[in-house]
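Participant: Starting off with a structure, shown below.
There are 2 protein chains.
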Amino acid sequence: MNPAKKKRLQAKGWHIGTVSEFLNLTPEESVYIELKLTLSRNLQERRQQKNLTQTQLARVVKSSQSRIAKMEAGDPSVSLDLLIRSLLALGTSRKEIGKMVG
Amino acid sequence: MNPAKKKRLQAKGWHIGTVSEFLNLTPEESVYIELKLTLSRNLQERRQQKNLTQTQLARVVKSSQSRIAKMEAGDPSVSLDLLIRSLLALGTSRKEIGKMVG
DNA sequence: TTGTTTTATGTCAAAAATGACATATATTAT
DNA sequence: ATAATATATGTCATTTTTGACATAAAACAA
Numbered sequence: 013m014n015p016a017k018k019k020r021l022q023a024k025g026w027h028i029g030t031v032s033e034f035l036n037l038t039p040e041e042s043v044y045i046e047l048k049l050t051l052s053r054n055l056q057e058r059r060q061q062k063n064l065t066q067t068q069l070a071r072v073v074k075s076s077q078s079r080i081a082k083m084e085a086g087d088p089s090v091s092l093d094l095l096i097r098s099l100l101a102l103g104t105s106r107k108e109i110g111k112m113v114g
Numbered sequence: 013m014n015p016a017k018k019k020r021l022q023a024k025g026w027h028i029g030t031v032s033e034f035l036n037l038t039p040e041e042s043v044y045i046e047l048k049l050t051l052s053r054n055l056q057e058r059r060q061q062k063n064l065t066q067t068q069l070a071r072v073v074k075s076s077q078s079r080i081a082k083m084e085a086g087d088p089s090v091s092l093d094l095l096i097r098s099l100l101a102l103g104t105s106r107k108e109i110g111k112m113v114g
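Respectively, the protein sequence lines represent chains A and B. Our numbering numbers the first residue of the first sequence as 13 and each following residue consecutively. Our numbering numbers the first residue of the second sequence as 13 and each following residue consecutively.
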């Protein structure tokens, strides 16, 4: 945000801050969420790279289309476990996943 | 195992193989389990490095001593989520965790 | 030794994650 | 346009994971 606009907003009583601040997230919580989002994006890219539909991926992961969609959408109801097991099922190596994480 | 012993065992009807084979684990399942074990070990090392007892770490992570013990023991009842959140709570960076994974 | 602290293991009710399903909304092809 | 395919979103019963607790076993000190 440009400084002028920021000042105008603050003059009117608005507070400017990060999403983490707004949600009262600790740094670790932020990192944890960002990590899941990173894996989400990579999962979607990998799936599309292989020209698989969510339904097809669901079959290889033994899950369901709706859960794949939620994974890729970064839905909070999906665990790191499922994300990583899905990446592995797509043939992603530990080394590659390590790169995403680190 | 040395070849001679292997041959002797096979002569007596024993089968030699990997743990994965014995448990009928797919390669992805093996990788997934090994990944958890890697994080387990790293968690224990990190905790000991900081001279924390399991009880003290449990407080930081908002868990319990028994769950920390199970994590470090590689108990199958603990998720990747908890392992990674614990590592983060110990101040481990994404980059460091990435190194463990990759 | 005996006491003290730390870690391991088992159990369980509560909480979170899961697959399945219905169905809405996009996207693409004809 | 409209049919077909793909993705998004909501709900829910079942399964898995969780923290808490008890207690056993191990490590360590006095």
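Note that the Cβ used here is the ideal one computed from N, Cα and C, for glycine as well.
Have a look at B:ARG53 and B:LEU21 and give me their C-alpha separation to the nearest angstrom.
Facilitator: Position 41 of the second sequence, counted from the first residue, corresponds to residue 53 of chain B. Position 9 of the second sequence, counted from the first residue, corresponds to residue 21 of chain B. The alpha-carbon atoms of B:ARG53 and B:LEU21 are separated by roughly 33 Å.
Participant: Under a CB-based cut-off of 9 Å, is A:LEU49 close to chain B?
Facilitator: For the purposes of this step, residue 49 of chain A is taken as the residue at position 37 of the first sequence. By this cut-off, A:LEU49 is not an interface position.
Participant: Enumerated in chain order, which unbroken segments of the alpha helix (DSSP H) with a length of 4 residues or greater are wholly contained in the stretch 61-88 of chain B?
Facilitator: With a minimum length of 4 residues, the continuous alpha helix (DSSP H) runs that stay inside the stretch 61-88 of chain B are 66-73, 77-84.
Participant: Span of the alpha helix (DSSP H) holding A:SER32?
Facilitator: Position 20 of the first sequence, counted from the start, is the residue given in the question as residue 32 of chain A. Start and end: 31-34.
Participant: Just reading off the alpha helix (DSSP H) that B:VAL113 is part of, what are its end residues?
Facilitator: Within the second sequence, numbered from 1, the residue matching residue 113 of chain B stands at position 101. Unbroken alpha helix (DSSP H) run through B:VAL113: 106-113.
Participant: Listing by chain order, which chain B residues have their CB less than 7 Å from the CB of A:ALA127?
Facilitator: Outside the shown range of chain A (13 to 114) lies residue 127 of chain A, about which nothing can therefore be said.
Participant: Is B:GLY114 near A:VAL113, with beta carbons less than 9 Å apart?
Facilitator: As a first step, residue 114 of chain B is located in the second sequence; it is residue number 102 there, counting from the start. As a first step, residue 113 of chain A is located in the first sequence; it is residue number 101 there, counting from the start. Yes. Within cutoff.
Participant: Starting from B:ILE96 and walking both ways along the alpha helix (DSSP H), at which residues does that stretch end?
Facilitator: As a position in the second sequence, residue 96 of chain B is number 84, starting the count at 1. First-last of the alpha helix (DSSP H) with B:ILE96: 92-101.
Participant: For B:SER76, I'd like the list of residues in its chain whose CB is within less than 7 Å of its CB, leaving aside the five on either flank, ordered along the chain.
Facilitator: Taking the second sequence and counting its residues from 1, one reaches residue 76 of chain B at position 64. Within the same chain, B:SER76 has close Cβ partners ALA70.
Participant: Measuring only the C-alpha atoms, how far is A:THR38 from B:GLU84?
Facilitator: Here residue 38 of chain A refers to the residue found at position 26 when the first sequence is read from its first residue. Here residue 84 of chain B refers to the residue found at position 72 when the second sequence is read from its first residue. Each residue's Cα considered, the two are about 24 Å apart.
Participant: Under a CB-based cut-off of 9 Å, is B:ILE109 close to chain A?
Facilitator: Reading the second sequence from its first residue, position 97 is the one you call residue 109 of chain B. So yes, B:ILE109 belongs to the interface.
Participant: Could you list which residues in chain A have their beta carbon closer than 8 Å to that of B:GLY114, in chain order?
Facilitator: Numbered from 1 along the second sequence, position 102 holds the residue referred to as residue 114 of chain B. In chain order: ARG106, LYS107, GLU108, ILE109, GLY110, LYS111, VAL113, GLY114.
Participant: Helix, strand or coil, according to DSSP, for A:LEU37 in the structure here?
Facilitator: Locating residue 37 of chain A in the first sequence gives position 25, counting from the first residue. Three-state result, A:LEU37: coil.
Participant: Under a Cβ-count criterion, where at least 16 other Cβ atoms within 10 Å of its own Cβ denotes burial, should B:THR65 be classed as buried or exposed?
Facilitator: Here residue 65 of chain B refers to the residue found at position 53 of the second sequence. B:THR65 is exposed by the Cβ-count criterion.
Participant: Would A:ASP93 count as contacting chain B if we go by Cβ distances under 9 Å?
Facilitator: Your numbering for residue 93 of chain A matches position 81 in the first sequence. So, interface residue.
Participant: Kindly indicate if chain A contains any beta-carbon less than 9 Å away from that of B:ARG58.
Facilitator: The residue given as residue 58 of chain B occupies position 46 in the second sequence. Output row for B:ARG58: interface = no.
Participant: Alpha carbon to alpha carbon, how far is B:LEU102 from B:GLN61? Give it in angstroms, no decimals.
Facilitator: In the second sequence, residue 61 of chain B corresponds to position 49, counting from 1. In the second sequence, residue 102 of chain B corresponds to position 90, counting from 1. Those two C-alpha atoms are separated by around 11 Å.
Participant: Skipping 5 residues on each side, what residues in its chain have a beta carbon closer than 7 Å to that of A:LEU55?
Facilitator: As a first step, residue 55 of chain A is located in the first sequence; it is residue number 43 there, counting from the start. MET83, GLU84, LEU95, SER98, LEU99, listed in sequence order.
Participant: With a CB to CB cut of under 6 Å and the five nearest residues on each side skipped, what residues in its chain are close to B:VAL73?
Facilitator: Translated into the one-based positions of the second sequence, residue 73 of chain B becomes position 61. So the qualifying residues of the chain are SER98, ALA101.
Participant: Who are the Cβ neighbours of B:ILE28 in its own chain at under 8 Å, not counting the five residues just before and after it?
Facilitator: Locating residue 28 of chain B in the second sequence gives position 16, where the first residue counts as 1. Once the five neighbours on either side are set aside, the close Cβ partners of B:ILE28 are MET13, LYS18, LEU21, GLN22.
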